[in-house]
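Chains as they are written, first to last, in numbering that gives the first Met the number 0: chain A, 0 to 489; chain R, 0 to 489; chain E, 0 to 454; chain D, 0 to 454. Since the structure comes first, as structure tokens, the remarks are kept for the end.
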Amino acid sequence: MKTIEPLIFEKSVPGNRASPVPESVASGESLGALPRGFLRQTAPALPEVSEIDVVRHFTRLSQLNFSVDTNFYPLGSCTMKYNPKINDRAATLPGFAAIHPYQPDASVQGALEMLFELERMLCEITGMDAVTLQPAAGAHGEFTGILCIRSYHESRGNRRKKVIVPDSSHGTNPSSARLAGYEVVTIPSGRDGCVDLSALEKALDEEVAAIMLTNPNTVGLFEKDILKIREMVHAKGALLYYDGANLNALLGLARPGDMGFDVIHLNLHKSFSTPHGGGGPGAGPVGVKKELEAYLPTPRLVRRPGSDPAQFQWDDNRPDSIGKVRSFYGNFGVLVRAYTYIRAHGAEGLRRSSRGAIINANYLKAKLREVYNDPYPGPCMHEFVLSGEKQKQQGSSARDIAKRLLDFGYHAPTIYWPMIVKECLMIEPTETESRKTLDGFAEAMVQIAREITEDPKKLASAPYTMPVQRMDEVKAARQLDVRFDGQFGG
Amino acid sequence: MKTIEPLIFEKSVPGNRASPVPESVASGESLGALPRGFLRQTAPALPEVSEIDVVRHFTRLSQLNFSVDTNFYPLGSCTMKYNPKINDRAATLPGFAAIHPYQPDASVQGALEMLFELERMLCEITGMDAVTLQPAAGAHGEFTGILCIRSYHESRGNRRKKVIVPDSSHGTNPSSARLAGYEVVTIPSGRDGCVDLSALEKALDEEVAAIMLTNPNTVGLFEKDILKIREMVHAKGALLYYDGANLNALLGLARPGDMGFDVIHLNLHKSFSTPHGGGGPGAGPVGVKKELEAYLPTPRLVRRPGSDPAQFQWDDNRPDSIGKVRSFYGNFGVLVRAYTYIRAHGAEGLRRSSRGAIINANYLKAKLREVYNDPYPGPCMHEFVLSGEKQKQQGSSARDIAKRLLDFGYHAPTIYWPMIVKECLMIEPTETESRKTLDGFAEAMVQIAREITEDPKKLASAPYTMPVQRMDEVKAARQLDVRFDGQFGG
Amino acid sequence: MDYVPNSDAQLQSMVEASGFRTFEELIASVPQDLRFPELKLPKPLTELELQREMKRLASRNTSSEQALSFLGAGAYEHFIPTVVDYLSGRGEFYTAYTPYQAEASQGTLQVIYEYQTLMCRLTGLDVSNASLYDGASGVAEAAFMCLNLDPDRGKIIVSAGVHPEYLQTIRTYARGINVRIEVLPLADGATRPEDLAAGVDTATAAVFVQSPNFFGVIEDMESLGDVIHGKGAQFVAIPNPISLGLLRAPGEYGADIAVGEGQPLGMPVSYGGPYLGFFTCTKALVHKIPGRLVGRTRDTCGDLGYCLTLQAREQHIRREKATSNICTNQSLMALRATIYLSMLGPRGLHEIAAQNVALSHYAAEQIARVEGCRLPLTRPFFNEFVVKTPVPARVLCEELAEQGIFAGVPLSRFDPARTDEMLVCVTETKTREDIDSYVAALREVARRVEEGVKG
Amino acid sequence: MDYVPNSDAQLQSMVEASGFRTFEELIASVPQDLRFPELKLPKPLTELELQREMKRLASRNTSSEQALSFLGAGAYEHFIPTVVDYLSGRGEFYTAYTPYQAEASQGTLQVIYEYQTLMCRLTGLDVSNASLYDGASGVAEAAFMCLNLDPDRGKIIVSAGVHPEYLQTIRTYARGINVRIEVLPLADGATRPEDLAAGVDTATAAVFVQSPNFFGVIEDMESLGDVIHGKGAQFVAIPNPISLGLLRAPGEYGADIAVGEGQPLGMPVSYGGPYLGFFTCTKALVHKIPGRLVGRTRDTCGDLGYCLTLQAREQHIRREKATSNICTNQSLMALRATIYLSMLGPRGLHEIAAQNVALSHYAAEQIARVEGCRLPLTRPFFNEFVVKTPVPARVLCEELAEQGIFAGVPLSRFDPARTDEMLVCVTETKTREDIDSYVAALREVARRVEEGVKG
Ligand SMILES: Cc1ncc(COP(=O)(O)O)c(C=O)c1O
Ligand SMILES: Cc1ncc(COP(=O)(O)O)c(C=O)c1O
């Protein structure tokens, strides 16, 4: 008796209602202020349901999800670590949640102190000179960062034309570069999974504005030649862009600024544990070296000169700035959470977190490398990739493996990315998981490999224990149904 | 692949820990203040788990429950109505949750104003003259109320010996009376489900201290002879006690005080929607008529004479009081919620709630009375009982029906109580359910009746879709296992 | 407003679908002149208005977010990990009833089973119930239970170190039964075994000793236990559960029953409730235990699971012969304690307890140096202690309250004769700086008031 | 502190179990002199200390719980039903990733599908995406999208009534591409069709009009739309979603795209974020839409369910050819909007919108009576309006802020020349009494400041 939760619209009964708002406080006459022609002809068909209907509906829906709070979630490159509840509580204090972005600066000094300190701490952690907190997510940060690079080059008389990305890079890298007006040059990775220096050499010229690297890269390896790369890139006058999605490996362990990166973005919703929320909100602060500070988005947060105790204020007067990339100052509520997280840890705690992340990844890798192909033998950083090629030959794809894992109560790894590894399984356990949890996951992975040798067909129909069976994604795209009772078939 | 959640103890790994407290802030030397012999020899074997373990464990456990927030929960006599979230939020405001019971009265005037108003509003709703908010639940209120009755009679020279309860009464009634030192006389109900006046007549004498009635009674009927009963009871100098568990039928519709009840208790966790919490906390305020006010527990909340604006304070000087029935002033957090609930409704809202409760019950009864036996034909109040006798003859018990309902996503009614109805199913839909929900439940009940005629064996093994199959309660009592790895077998 | 989803039109059509014409027909059995009384209640509020009104009321209280509070005396301000609020606030726990339908209540049931286990381990005893209302009523239930064990033992002895409100509650509960209650006075704030020996006899059902006691003093429980058991009486210990991270457990010093206030285990002070009455005892007493009990058993497939058990003790089965009348208890608070103890673990609890000792001793030392203040008791204490004040404690506390410091609980609250004593509590929620500013303010106010009194 | 459950000993043994001796061996590829930089960060805090520190910081801000705020200008204080916070705070929503594994993410997916449906119904358009970052970046995405439709249309026109920060964001986004941006000035606070007619041409990709516009004025969208469509350009409407409970919907007046700030739909103002960029458009544009999209489909058993769809538009498939670079969006905020709209229903939303009209008009009337204050615009408005102040608005606002009233947003913030104007917003969160006390304070301060300026 599978009970699927109906749509909220299907629960609607004309005349039913929740009662949070008063009826007819507003008198008809005041609406007279508005010309009839401006008024909506038919009320929007929102559901008419009671409060208990709403509570039940969304409570039940929530229960259909896997989440960090309920499941081990080793989704590679996403850093699904524990999201401390204290951070959420801090962000929802009325002193943070109920302040308006246009309040006088004097009335929000606590918020400004927090933001100022957060910028400073992120500089310290990454080795950069200045940080903007404005971008709303990683991709937004990339776009912001590349625009800064563009302005930097423009100020030197040539904005240049190209941005280099490795073939293992995340899709947002080329996409962001393109949106910023650059042509994208993709270079193949070496056999060792790292940047191929000769390929880089070949691609580098005076028209290259920047190269975007993720480090550790998306197969979980530290770019061992990073210092050499920096030299080659800077020699051509190009800049080094750091995609911070994998910073969780390096907190207190090594700093992109020290490696020579000129511009970076961070994903606070990854490395700094702010909750992913089912796909956001995130926060993608951008850090730059001194030479690029002038280009950061406005307004900039500054300490009022001479103020003691420190007073903070917003400063709009940055003629070289790229301007605003969104309204107001960033995803403030997310920033509060990240600040809380960093304050909890201090330098020691951050370092221990990255150490734990790396050890967890290596421990898990060691348990699995006999059973699945290990394309890059040797130690990994905070995550690693396996290849399901062997299993593919036995009849089960990486997707099958992913789906079957759900039946064991584990979220699947990232699959089919990076594309340079066949039947790729990208596994990031994070530091907040105990050895016990990793052992359980490894056992499941081993059992699945065994199931494949015994009965590969079984996997093709997995998962078996989820609220639904495997979804038909092809049908979804062909018979588009993206809103209830829409004209779009279904 | 049924995943049962292990015990938190089974997740324990020596050395693991959540990190909410600092390590060794306390220096060893200060413990030197305590003689060695006072110190614990072996640390208590609490689990050693991480914060993420804790979050996952209790999140998953929560998902194993049925609850009002997830399921229709027509548990008779329990008034499982919607518990508005605003009430919880109010109770957790620091101005309520973070005040200490021994703070100076001047520093808690908001709390005292709220309590004072709540007492007054409950008097108004019930028609009583004074209310104490101290008792923690219904049974506690009963005990408090009967002790007041005892003091009342004592003050008149004879505490009397007996308390009368109908055979349909809740178990706490006789139990509370007994604890207060009374002999319990149980009288049989009439065929119509109401008090049998001749049985009452017979039981009444000058040694009867009180009769305890629930009204509407536990078969969901208003005691139609209540005015006559009052006359008979008062004529003997006995008092009328009102068990308020079913007050949800009467809000704004009729008042126990007007019916002649001398002492009442309320279940704020029923009629006033404070969450049940899986079995408490509740609140069981007791209301009395003027003649009994002097006996209420101490301290009493009073308005400081002459204060304007009103100032409130606690008054301990009540020489005739029965004393305290617990520490401090009652389940304050629960009282905040009930206060919020009443303020939301006002008189009109309460009246509409009871009207809705009665209509919902009658609507549902009409849908089911053809399929299950209806021992008390005619309209009911806010709940009704059915008998599963017909189904029993076909091979399925009330318990089987209850268990099978779970498979349909509905909590079971109260079963086997009151004992005067065979295979009793006591159904209380409450006012917060929509017609649509009642229709769904009725369909399930009808389908179950059909299943019984078709295949009664199917029901004997229900439920099928719960996290566990039917529990062996006999084994639980025989091979007592009430703590993990205890000496108690299992 | 109300939470009735059905519109008035819908309600009327439901009346008709039930076979009636009007709502009045449904309530025909309610006598006419009782119907529809006018209720003088404040006008209904929308949720928006309610949010405002409740914030207004709350803002008229001075909470420990604004004030530095050194109040204890049975209700303790402790650090509460955020996850306790979050997890216990989940609707599936919050809005479930007592777990009568085991199969649909495994979450609540397993939590209670874990709670029972935790409380057994914490107190060192064999069995725990699922909770009672609070410490005071729990102690009174224990008195009932002990008196029921042997009809020849009709007396109980209560140490004067037991919380005065608990004693008052015992007296109230005892109104309906025949029992002699003797209160055993203290010497230097502690119960003396020799005094106890003079009082306990073979008519004694039970002896109640609180440790740390109401005045903060850690009692010599082992010696007291020997005296009690010497006469065959039950030894009922009333511990502060946080102290058990550090101090000997009731099971270790031979108590038969441990009962008390579980509030320190993750519950806010919340003006006195809802709290948690915990109750553990030896195996021998299991069939006499008051309240609910969860047992582990198996389902029809042989898989483990949980259900309420030994219900034959309870009111809904046994009615007037039940061991207690309790029905609804404090389940959600037991959940809070379970989460709290899981979060802390053995080391965390030890750490918290140790900090209470360290900080309260630091505070005591500093206060003892304030001109005119003294510590009248010399015994070891846990996290609270009595201070003798140079001026009436109530005046002192009121003055300090105006400066945002709740300095302590004046003992005159419990004994009008003790005008110049207050009970001061210091938990891990206070820093040394907090204590220093308290002591500075105390010094200042004590001087000022004293001068005022003299001059 | 940290959230690593494994002890140091455990970690070391895991290193060894992985076949290494030391942690250093695992990071051999990190150049030696990059390793273990010293980080100058504040010392770690325990959760108890953190609770204190964050409360300290929060208490240094004046929130709308303490002050009466009449600020709007793109971020609106609205009533938020309590269930919105409760339900959106459930960990299963909160701590899930983007729903890549459909079978394990049906909760999030169904919510987004419901969100999409709601936004379509609210705006009267055919398709909604799953969310964008916020109103400003959403508008910029719309500009990108329109410019991509036809290579011959390289110009966009933006009404001067569009939020200045949105315009700034469009300009920033446009840095990388070839586009001409024309700003269309207002007359009496509104965009005039005749002015627009003079500017729009066949090289125009799109025209952006906000209504109610930044100055609160409701634009004549229908007429503007006619002009735009006359030249084959896209009509991009930027509505306040709350206003759509009452005002004509973009679909009703012929907009091709509706994009804007969803914050009013149940999100706290939270100093500017996280908010919600909503985006709906006509069916014709579905394959060009930026961001994620959830579709309904069937599983292998034929049962209905949900999954991400049309992913071929997105960066992870198309890389540099994607319609947008967006990946993480604002899913949790879409959840809040979904719960909010479900709670209000059509009547609730209408009621809220009507109250905004009624209260803001009441406020405007009262303010107009204040000596020296004027309402410079005469057009119909929704919930905010411009006030001409007798003294510099910034001074006035700062003075009133000290009395706990945020009187409005000085327009000098956006245009230094507009020194004596402010934008005042009134929502259902204010009562008539609130407005009266605001007006009284305004009168008082205006007089005082004016006297000071004169004297
Ligand atoms: C390596 C990498 N870069 C960039 C991104 C994009 O970040 P966001 O989703 O925050 O926009 C991701 C996200 O998965 C990523 O893994
Ligand atoms: C009729 C009746 N009386 C008394 C009670 C006892 O109330 P409580 O559980 O609050 O102690 C109940 C509870 O179910 C009840 O239904």
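Built from N, CA and C at the ideal position, the CB exists for glycine as well. In this text the structure is predicted, and so the values were computed from the model without any measurement.
Environment of residue i [buried if 16+ CB atoms lie within 10 Å]
| i | result |
| --- | --- |
| Asp315(A) | exposed |
| Met418(A) | exposed |
| Gln486(R) | Residue placement at Gln486(R) is poorly supported in this model, since its pLDDT is 44, which falls under 50; the coordinates still yield a value, given next. Classification of Gln486(R): exposed, given that the 10 Å Cβ count is below 16. |
| Met0(A) | With a pLDDT of only 39 at Met0(A), under the threshold of 50, the placement of this residue in the model should not be trusted; the figure read from the coordinates follows. The residue is exposed, with fewer than 16 neighbouring Cβ atoms inside 10 Å. |
| Val473(A) | exposed |
Proximity test, Cβ basis, 8 Å: residue i and chain D
| i | result |
| --- | --- |
| Met0(A) | Its pLDDT being 39, under 50, Met0(A) is placed unreliably in this model, and the coordinates cannot settle the point. |
| Gly14(R) | yes |
| Thr81(E) | yes |
Per-residue contacts from residue i into chain R (C-beta, under 8 Å)
| i | result |
| --- | --- |
| Lys429(E) | Per Cβ cutoff of 8 Å: no residues; Lys429(E) is ~12 Å from chain R at best. |
Per-residue contacts from residue i into chain D (C-beta, under 7 Å)
| i | result |
| --- | --- |
| Gly348(A) | Met0, Asp1 and Pro43 |
Interface partners of residue i on chain D, CB under 9 Å
| i | result |
| --- | --- |
| Pro345(E) | Within chain D, no residue comes near Pro345(E); the closest Cβ sits about 14 Å away, beyond 9 Å. |
Within chain A, the residues that residue i reaches when beta carbons sit closer than 8 Å
| i | result |
| --- | --- |
| Glu427(R) | In chain order: nothing, as chain A lies at least about 15 Å away. |
Contact set between residue i and chain D, taken where Cβ atoms lie within less than 8 Å
| i | result |
| --- | --- |
| Leu47(E) | Phe78, Glu427 and Thr428 |
Interface partners of residue i on chain R, CB under 9 Å
| i | result |
| --- | --- |
| Asn239(E) | Residues of chain R passing the Cβ test: none, with the nearest at roughly 13 Å. |
Contact list for residue i against chain E, beta-carbon separation under 8 Å
| i | result |
| --- | --- |
| Glu64(D) | Lys54 |
Partner residues on chain E for residue i, Cβ-Cβ distance less than 7 Å
| i | result |
| --- | --- |
| Ile85(A) | Thr81 |
| Thr436(A) | Correct list: empty, because the minimum Cβ distance to chain E is about 16 Å. |
Minimum Cβ-Cβ distance from residue i to chain R less than 8 Å
| i | result |
| --- | --- |
| Phe538(E) | Because chain E in this structure spans residues 0 to 454, residue 538(E) falls outside the shown range and cannot be described. |
| Gln9(D) | yes |
| Val54(A) | yes |
Contact with chain E by residue i, beta-carbon distance below 8 Å
| i | result |
| --- | --- |
| Ser188(A) | no |
| Gln40(R) | yes |
Contacts that residue i makes with chain A (C-beta to C-beta distance below 9 Å)
| i | result |
| --- | --- |
| Thr431(R) | Ser49, Glu50 and Ile51 |
Interface residues of chain A facing residue i [CB-CB closer than 7 Å]
| i | result |
| --- | --- |
| Tyr85(E) | Lys84 |
Would you be able to state if there are at least three C-beta pairs under 8 Å between the segment 68–86 of chain A and the segment 451–471 of chain A?
-> The count of Cβ pairs closer than 8 Å, one atom from the segment 451–471 of chain A and one from the segment 68–86 of chain A, stays below three, leaving the stretches out of contact.
Three or more C-beta pairs closer than 8 Å, one from the segment 394–403 of chain D and one from the segment 359–371 of chain D: is that the case here?
-> No, the segment 394–403 of chain D does not touch the segment 359–371 of chain D.
What residue ranges within the segment 178–241 of chain R form continuous beta strand (DSSP E) runs of no fewer than 3 residues, ordered along the chain?
-> Here the runs fully enclosed are 182–186 and 207–213.
Tell me the start and end of each unbroken alpha helix (DSSP H) in the segment 117–163 of chain R that is at least 4 residues and wholly inside, in chain order.
-> The segment 117–163 of chain R contains these whole alpha helix (DSSP H) runs: 137–154.
Contact the segment 117–134 of chain E vs the segment 260–280 of chain E: 3+ CB pairs below 8 Å | The segment 117–134 of chain E is in contact with the segment 260–280 of chain E.
Let me know the beta strand (DSSP E) ranges lying completely inside the segment 242–298 of chain A, each 3 residues or longer, listed in chain order.
-> Runs of the beta strand (DSSP E) inside the segment 242–298 of chain A: 262–265 and 285–287.
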